[in-house]
Amino acid sequence: MFAVVVAFAFANYFLCVANATPIVDAFVEHQTISLAPNDELTDDKTWTKQAMQKMWEERKNMGRTNIYVFKPKGMPHVSIVFKNESSSPTESLKHRYAWALMTWALLEQKIKNGTHVFEASSGNTAFSLGYMCRKLGLPFTAVVPDTLEEVKQQRIRDQGAEIHKVPIGERLKAASQLAEQNRGFFMNQFKNAYYAEEFHESGDYGHESANIFHEILQQLRSSRIATPHYFVHSAGTGGTITSIGRYAKKYGVPTEIVLADTQFSIYYDYVLRGKFTNASGASQWVSPGMAGVGYGPMGAAKLAATTSLDPAVIDRALKLPDVASTAAIRVANDHGIRGGTSTGVNLLAALHVAASATTRRPVVIATILADSANYYRESYLNREWIADKFEAHGGLKVYDCWRKVIKQSIEQGTDPLAIGNEACRNDKIH
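Numbering (mature numbering (1 follows the signal peptide of the UniProt record, and there is no 0)), first residue to last: -20 to -1, 1 to 410.
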């Protein structure tokens, strides 16, 4: 009888083991620690050290991009300070951004000698990363939207890079797959800018911080302009405004960080209400959007996974109509502020913030001129293109209405969003 019970027990034991989830690692391999004493080197890092030295040489050559102070006629107490990133070597904000990504990837040994680098981009990051890769002798492939302007495509090719075009919402997936297939590295700015963008002071060290807000504060002090009351900026990956917010919060700088979001982007709701962290906004995205700005067609917003925008460091958020931001590009250029899509968004947001400020004391608003208007001559600065692409938004009649309202804001100090929201509705314009 005892033998029968034992046999039954063993049978049940082996049945349970057969059906159970296997316990891995603990019993698969017996690992032992190395004997002491011991001493050996890790992988040779000679190339990495040389590459990092080249990056710091590039930082030194980069210097500080200039600032431009715009004083709206109707707001004599307001100074809107544009940090002109179009004067960087690759003519956009993404130059220092690509520098930060590359130095981070080198530091973390993500990129080594000969690594094929891949990136998903709307154009500017790809051009700047191509520049950095060319300096280090690395192959580079840019995965870009199939709607990307030819002038931007050619700029990327001029850096010796290859281009792979896909629908805008498929860029991240395609870049990841290509990197895996080619045993390369997917830089993934949407994820890794959170880690790469620095937010530290330089101290008395020889290498200056590349944080853009650090530079702005230094330049304003030199020009005897007050610390900004507001910093206004749009977001694509969210890396830049997050690095600025983290810098301001870390060092106690009393600057309100204002996110300027585009009409069909999810960032406004993501920051204020924690929405779209598990759901995509792709079904609500309406073309053409503002190129390189906003987040919608590429899935849910997960911090340090699919986006680098950290809600914790944002103090205020605005949502702006795309056609109004497009009109603001033209108005900005008419006033010598020769920027592109994000510059239009930033100017419109800055005018609203200035008009809604309750004080009559001097107000300083800092923002960014992120890239040159030259790359938008055939699109956002072209009336025929606007009439076609923004037809669903009301076309040129709504666009011209917003231009008038924004000009009025500059001349008379009025709030462009408050007035334009009523005056420039499609159903009110004849």
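A virtual CB, placed ideally from N, CA and C, is assigned to each residue, including glycine. For clarity, every value in this text was computed on a predicted model and none was experimentally measured.
Ranked by how close their Cα comes to the Cα of T28, the residues R44, W36, N93 have N93 in first place. Closest in C-alpha terms to N162, from the list R383, P119, A190, K145, comes P119. Here the alpha carbons of G324 and D314 stand approximately 12 Å from one another.
Per DSSP, reduced to three states, the secondary structure at I136 is helical.
Using a Cβ-Cβ distance cut-off of 8 Å, the stretch 224 to 235 and the stretch 203 to 210 are in contact, since at least three pairs of beta carbons, one from each stretch, lie closer than that value. In the structure shown, K282 adopts coil according to DSSP, grouped into three states.
For H96, no alpha helix (DSSP H) segment is defined, and its DSSP state is neither H nor E.
The continuous beta strand (DSSP E) containing Y48 extends over residues 47 to 50. By the C-beta density criterion, E391 is exposed, having fewer than 16 other C-beta atoms within 10 angstroms. When secondary structure is reduced to three states using DSSP, T70 falls in the coil class, being assigned neither helix nor strand. Here L15 is exposed. Its C-beta has fewer than 16 other C-beta atoms within 10 Å. About 11 Å separates the Cβ atoms of A335 and I345, ruling out a contact at the 8 Å cut-off.
Rounded to the nearest angstrom, the Cβ distance from A350 to G393 is 26 Å, too far for a contact under 8 Å.
Straight across, the Cα-Cα distance linking D126 with A106 is about 14 Å. One thing to note: R318 has its Cβ within 8 Å of the Cβ of A353.
V266 is classed as exposed because its beta carbon has fewer than 16 other beta carbons within 10 Å across all chains shown. DSSP places N18 in the coil class of the three-state scheme, outside both helix and strand. Taken in chain order, the complete alpha helix (DSSP H) segments of 4 or more residues contained in the stretch 160 to 202 are 169 to 176, 192 to 202. According to the DSSP assignment, P396 belongs to no beta strand (DSSP E) but to the alpha helix (DSSP H) extending over 396 to 403.
Per DSSP, the continuous beta strand (DSSP E) segment holding D241 begins and ends at 236 to 242.
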